[in-house]
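Trainee: The structure that follows is given in the form of structure tokens.
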Amino acid sequence: MKIITNGPDKESLIKAFADRHEVVMTLSNGKEERIVINLLQHEDGSGHMFNFVAKGDIAGHYDTQKKEGFILLAEE
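Position one of the sequence shown corresponds to residue 7 (my numbering), numbered consecutively onward.
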């Protein structure tokens, strides 16, 4: 698991998903992870928590208010 410590706001995340552009997320080790989201789903009614599936067998969860979350790789 990789911990996300910074990433896009809600509007940028949704636009990147709709346009199939890369999303850049900063991880806890300071490195940037670039992903292309294939599936984006609201987790709850708050409108700022999302689950996603991305190219490269990646899944994760992201909170656009806190700009925090995690990424799981298929082999984990």
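The beta carbon of each residue, even a glycine, is placed where N, CA and C say it ideally should be.
Predicted, not measured: the structure shown is a model, and the values here were computed from it.
1) In angstroms with no decimal places, state the Cα-to-Cα distance between Pro14 and Asp63.
2) Between which two residues does the alpha helix (DSSP H) carrying Lys72 extend?
3) Using CA atoms only, rank isn't needed, just tell me which of Lys61, Thr70, Asn12, His27 is closest to His48.
4) Quick one: residues in its chain with C-beta nearer than 6 Å to the C-beta of Ala22, no 5 flanking neighbours on either side, listed in chain order?
5) With DSSP as the reference, identify every bridge partner of Lys46, one or two as the case may be.
Mentor: Well, looking at it:
1) 21 Å
2) Looking at the DSSP string, Lys72 is not in any alpha helix (DSSP H), and its letter there is neither H nor E.
3) Thr70
4) Val29
5) The residue you asked about is not Lys; residue 46 is Leu in the sequence shown. According to DSSP, Leu46 bridges with Phe58.
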